[in-house]
Structure formats: C-alpha cells, structure tokens
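Residue 711 is where the sequence shown ends in our numbering, and the numbering goes up by one at each step. Every residue gets a Cβ at the ideal spot worked out from N, C-alpha and C, and that includes glycine. Report on one structure; see the data block that follows.
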Amino acid sequence: MTLRTTLLCVGLCLTAFSAHAQSAAGVAEHAPADTCLAVASNDVAETCQDFLATRIGQMLSGPDFAPLVDELRRRDMAGPLHLRPAFGFDWSELDDLHAPGGLFIFPLADDKQGAAWVFDGTPSDESSSPLAAAGRYFQSQGFARSTEQRGGAALTIYRPPDDKQDETPRVQFVGNGFYGLANSPEAAAAVLAVEQEASLATSPLWQQTTPGGTVAAPRAGDVSFVLRPMELWELLRRADEARQASSDDTESQPADSNEPERDPLASSRQLGFDGIASAAGRVTFPAQQGRDWGIAAEVLVQRPLDKALRLLKFESGAVPMLRDGIGADVTSTSYWWWDFPTAMKGFGNLFDEANEPGPDGVGLFEDMLDGLRDDPEGVQVDLRRDVFGQLGPGIMNITDRLGPKTEQLPHGDRTLYMAQVRDVDTVAKALADFYRGDDRVTSEQVGEYQVYTVPEGASLFVEGESDSVVSVRALALGEGRMLFGTDEQLLRTTLAGGPEGTRLKDDPNWMTLWDTLRQRQSEGALWGLAQLGHVLEPSYAQATSAPAEKEEEDGSPAGELWRVLLFGTADPEADVPLAAAPPYSRVRTALPATGTALKSSDQGWTLTIDAQRAAP
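Next up, the structure:
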C-alpha cells in the first residue's frame, strides 16, 4: 500500500476528528518526531457525530452521495468515503469508538513511508471494533494471518496473497495502553520504538495545537493537525516513483513527446515554496454557534521570505472598512497590507518559472524591467521606481463569475485589484510613457480616472501577448488609487459605483462574517470573504470530467484534492465511477461562505477561517 493510498482518508480526517489537549498529546506520544502529517482526536465517535451535524457532513452521508459510496464499495475502491480497502475498518466502526485516536504519516528508512492509526486504551473484543473489523476484512481478501510478540507489544500481521503483491502487509499492534494499525511491518516497528521524550508530542510544532501554543485553547469537537507540506510531498513523490517503477504499463510514458514534462515538486522548490516549513492548528465544528466549522492555525515559514514567497510579504495595519460598490454576488473579496515592491519581486519569480521553467528562466522578469528602463530605443520607463514603488500598502481585490464565458474562461471568472497610490502624478507619467505608441492600448479619460485597455489575448503589464501568469486587460488611475484587472466591464462598473442589485455591505450574511473577522482581529495583515460554493466549482468540474473532456491539460491542486476525496485517487487516467458523483448543484449548497483573517508573526502567520452555517 503506497502513501497515496494511506492519504485517501486525510480529507475527511481533517473534518471528522476532535482534539483535546491531554489525550491528543497522548496518541501523539507514539508518533515519530519527524511525522509529516498528523491528525488527532480525543473522542473519535463524538467528533464523527459533530462532523455529521455540519452541512458538508450531512451532504457526504446523505442521499446525494449514496450512489457514489455504493459504487466504491462494489468496486472495493479505497478513499475517504470508503476506508476499508486501505485500513480494514470503515467509518461505521469509528462511529462508536469513544476513545482518543489519530492518524500519523512519517518517513521510514530507504525512502519508504509509514502510516499508522493509533488509539489510546485497550482494544475492544466487540465485533464492531476497528481491529476486529480489519481482521475480518483482510482475511476475507485472502491475506494470511500470523502473530508475534515484539518487546511488550502483540503484533498481528496480515500478508497479501499472491494476486495482491502490490499491496504491503498490514500490521495490528497492541501495546501498553495503546493500539492501532500500520501500513507495513516497518511502520509498526517505528511506532513501537518511539520514546515519549523524542515523540511528536514533545516537539515545538505539536505545541501549536495545544493551550501552551499560540492557538486558542481547544474545545470539544476540535481537530488537531500538524502538516509539513514539502516532506509530505517528498513521500508522495517517492511512493509514485516506486509505483511507476513496478508498473508494466508503458503507455503512460509518452515516447514521442519533444517537450519535457514539468516537475511540480522541482518547480515549487525553484519558486521557494519549500520555505513554508509547517502548519499546525485545529479544526472545529461549532454548528450551534452559527458557524459550520472553523480553522485556527500557525503557519511557520523561513525568514526572510525569498523568491515567490515574497508575494506574501505583508505589512501590519488596521482592519479596513468594506468598500461601497461591491455586489453581494461576488465570489470573493480580500483586503491586505502589502509591501508592493517586494511582492513584485516575488511575482517575477512566478513569471520566470511560467515562461522558462528551471534555473535557465531565473531573471527573465528583472531583465524585462531593466530593458524597459534602459533600452535607448524603448519606452525608458522605470516601473520599479515609478509604478511599483508608488503602490500600497493598502490593497483589495474582488472576484466574481459574471463575465462572458469563453474557451479560456468557461466559468466567466473575473478579477479586479485596487491599490493605494502614494504619488498619482508620478504613476500617471510613467503609464503615459509606457503605453505611448502601443497600438494595442486604448486610452481615455473617464471622470477622474485615466483608463487603459487592451483586447483579449494581450496584457497591459507584459510586452506582446502573454497568458503565462495573469492577463491585465484594463487599468484605471485616479483619486489616489489604481484599479487593474482581467475584465474591462468589471473595472468600468466599479468606477461607475458598482453593479445594480444588492450590495455586499447590505447583505446580512456577508456582514455577519465580516463583523466576526473584525472582532477577532482589529489589526493584522489580511482579511477576506469567499463563497466556497463558487470558488470550488471549476475544480469539481475538473475532478468529475473524463480526461478528454477536461477544460485544461494541467489539473489544479484543488481538482486533485476533489478527485482524492471523491474517488480515492488523484490519477486523471484511473478508472473511477465518474457517473456516480453527484452534480455540483447538489454539492454547492453544503459549501458555505467563509471569512479569513491572517496576522504576521516573527515565525510566519496566524491564520483563522470561519465557515458560516448555511441554511438547510
């Protein structure tokens, strides 16, 4: 069983376990200190019940998802909706488990990976207990059962039959006051060898999930989690490489491709995203308080921020007021305090990697800016000094799905940014010089604003045509701010005072979320509102479409996560029951509006997300 298989339950684990400081730390005492993913619970059964009270829990366990769950069971496919093929037990066995428990994923020697469920206490002899259910399942699948003693622990090993040699042996272990199931003998040995003083529970990272850390004290129904993203990705990569090496399927390796496939992991390292060291915190389900769920986390990053992470170089400021003129039907709106010149350096790294992946592309954006400034036959405009250096720190953006639906934008997505301008005259002269003589650009005066637009396929911020990162098709400068975005009509509507209909400031649901954010964090770096039902629609379409029907060749991470949640695999070529997945119109109703607040710290960011309790 590869790590990808063991990760199939993670999506639901993060939304189906509660955490209490002392007991959660108890199961973490049996996890290796270098665990790269941990999810811990004080009372598994109680938290399953709490999760089922949320809108998304009701949806996943209700009639809309019943056909998909039934098909997964018929095919015996492992996934978050059907755990049994991976672990031997399913959610029905966890529903009655009133004990602390956790899932831990960690590296092993020889580039192998380990995964283990660990529960506090003594295993029940009842037939509905997880270990009893797992034993029945593995034996029904032809796994050979054997037992042995290792130190003070009793082990039960289930070895796969000859026709399932791609599987690994599963190991049940019962120690002194704890028990569980591991994905291999090596993983079980690693758990049994953990000393309390050298466990995950004693690491500074785990303290971020407990009252002694920087996150607020836990409550009944919480989920404690720890994530080391790059280490986890490395484990996934090694598991995939091992699977591909042992596969006889050569059709998946295109022999006639002249262009090398981009390596997402190498690209992320090239962009500096390995500077995000870890995240630790809790998920909670306070449905009775008008919220469906919430997240509080500490994100640790390497300082100073480098490469593309400079896009996240926030400054600190007071919570802003919501602007007039924003319609209530937006997909999202965010406000943040930004070091704009530094952020543009980070944007340059994205530009470089998108246009020329790898080390050969480093510096393309900076070279372009130098050329615009220094070329005697060019525009001779210093965008760094006269534009980027004059913008911020106050920034906001809005996104909606009200634009024309085109082949490039099948959902009609539109984005508009608004930035404070320190010296409007300096920016105005720079823009006039920059666009002078460019036949693509149309310039006109609209009230107090100078407006620049380009046709579809062009971008105001890139020479020639480019859709490699973002296409800015409209820009307006005036009244101490600059607006720029992907859609001309959205910009003009905003300049005219906003769309007709209900405004965001007049919508009680949006304002309840905004007031929650303001009360939680009067000063910080970022505040945002988003309607997940809109945000996640394209990625759901990606996950539930056949390869030939996909709107774009490269899938988004959100689409891959949907595919893992629904079908237990991110492989776009896998034979999965697409037709059994419910239509998105049924899923959307369970995805709430959310409010996000972020505050910078010496070590990274403190992040909170509140999800509103949607109407039935």
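{"Check": "Pair within 8 Å by beta-carbon distance, Thr149 and Phe380", "Outcome": "yes"}
{"Check": "Under the three-state DSSP convention, the category Asp562 falls into", "Outcome": "Confidence in Asp562 is poor, its pLDDT being 46 and thus under 50, which makes the residue's placement too unreliable to answer from."}
{"Check": "contact_flag[the stretch 665–682, the stretch 155–162] where n(CB pairs < 8 Å) is 3 or more", "Outcome": "yes"}
{"Check": "C-alpha distance - Ala514 paired with Ala625, whole-angstrom precision", "Outcome": "20 Å"}
{"Check": "Coil, strand or helix - Thr639 by DSSP", "Outcome": "coil"}
{"Check": "Thr426 versus Asp419: straight-line alpha-carbon distance, rounded", "Outcome": "16 Å"}
{"Check": "Residue span of the beta strand (DSSP E) that contains Phe409, given as start and end", "Outcome": "Per DSSP, Phe409 belongs to no beta strand (DSSP E) and is neither H nor E."}
{"Check": "The alpha helix (DSSP H) enclosing Gln53, as first and last residue numbers", "Outcome": "Because the chain here runs from 96 to 711, residue 53 falls outside it and cannot be looked at."}
{"Check": "Option in Leu176, Ile151, Gly157 and Glu166 with minimal Cα separation from Val659", "Outcome": "Leu176"}
{"Check": "When Asp220, Ala372, Thr217 and Ser362 are compared against Cys131, the one with the closest alpha-carbon", "Outcome": "Ala372"}
{"Check": "Close beta carbons around Ala228, own chain, < 6 Å, minus the five adjacent residues each side", "Outcome": "Phe184 and Glu188"}
{"Check": "Cβ distance (whole Å) where Ala285 is taken to contact Leu203 below 8 Å", "Outcome": "6 Å"}
{"Check": "Residues that Lys402 bridges to, as DSSP identifies them", "Outcome": "Beta-bridge pairing links Lys402 to no other residue."}
{"Check": "Integer Cβ distance of Ala527 from Leu295, believed to fall under 8 Å", "Outcome": "That pair is no contact at about 59 Å."}
{"Check": "Distance, Arg364 Cα to Met606 Cα", "Outcome": "39 Å"}
{"Check": "Close beta carbons around Asn271, own chain, < 6 Å, minus the five adjacent residues each side", "Outcome": "Gly247"}
{"Check": "Contact under 8 Å by Cβ, Gly580 with Ala692", "Outcome": "no"}
{"Check": "Straight-line Cα distance separating Arg479 from Pro324", "Outcome": "33 Å"}
{"Check": "Cβ neighbour criterion (16 or more within 10 Å) applied to Gln58", "Outcome": "Summary: the structure shown does not reach residue 58, with the chain confined to residues 96 through 711, and so no result is reported for it."}
{"Check": "Cα-Cα separation between Glu451 and Val457, rounded to whole angstroms", "Outcome": "8 Å"}
{"Check": "8 Å Cβ cutoff met for Phe199 and Ala133", "Outcome": "yes"}
{"Check": "Beta-carbon proximity list for Ser411, same chain, < 7 Å, skipping 5 on both sides", "Outcome": "Trp432, Glu618, Gly619, Ala620 and Ser695"}
{"Check": "Outcome for Thr501 when other beta-carbon atoms lying within 10 angstroms are tallied against a minimum of 16", "Outcome": "exposed"}
{"Check": "Spatial distance of Glu461 from Arg398 (CA atoms)", "Outcome": "23 Å"}
{"Check": "Contact check, Tyr530 vs Val536, beta carbons under 8 Å", "Outcome": "yes"}
{"Check": "Proximity of Leu167 and Gly174 at Cβ, strictly below 8 Å", "Outcome": "yes"}
{"Check": "Selection from Val266, Pro195 and Asp401 that minimises the alpha carbon distance to Thr142", "Outcome": "Pro195"}
{"Check": "Cβ neighbour criterion (16 or more within 10 Å) applied to Ala652", "Outcome": "Going by the sequence as given, residue 652 is Pro instead of Ala. Exposed."}
{"Check": "Helix, strand or coil at Asp518 [DSSP, three-state]", "Outcome": "coil"}
{"Check": "DSSP-derived helix/strand/coil call for Thr142", "Outcome": "helix"}
{"Check": "Rounded separation between Gln39 and Val213 - CA only", "Outcome": "Nothing in the structure corresponds to residue 39, since the chain is present only between 96 and 711."}
{"Check": "Inter-residue CB distance, Thr548 and Glu583 (contact presumed, cutoff 8 Å)", "Outcome": "5 Å"}
{"Check": "Enclosing alpha helix (DSSP H) for Asn444 [first to last residue]", "Outcome": "Phe435 to Asn450"}
{"Check": "Counterpart residues of Thr510 in DSSP-defined beta bridges", "Outcome": "Thr494"}
{"Check": "Inter-stretch contact at 8 Å, needing at least 3 Cβ pairs: the stretch 230–241 / the stretch 252–270", "Outcome": "yes"}
{"Check": "Whole alpha helix (DSSP H) elements within the stretch 261–322, 4-residue minimum", "Outcome": "280–287 and 299–302"}
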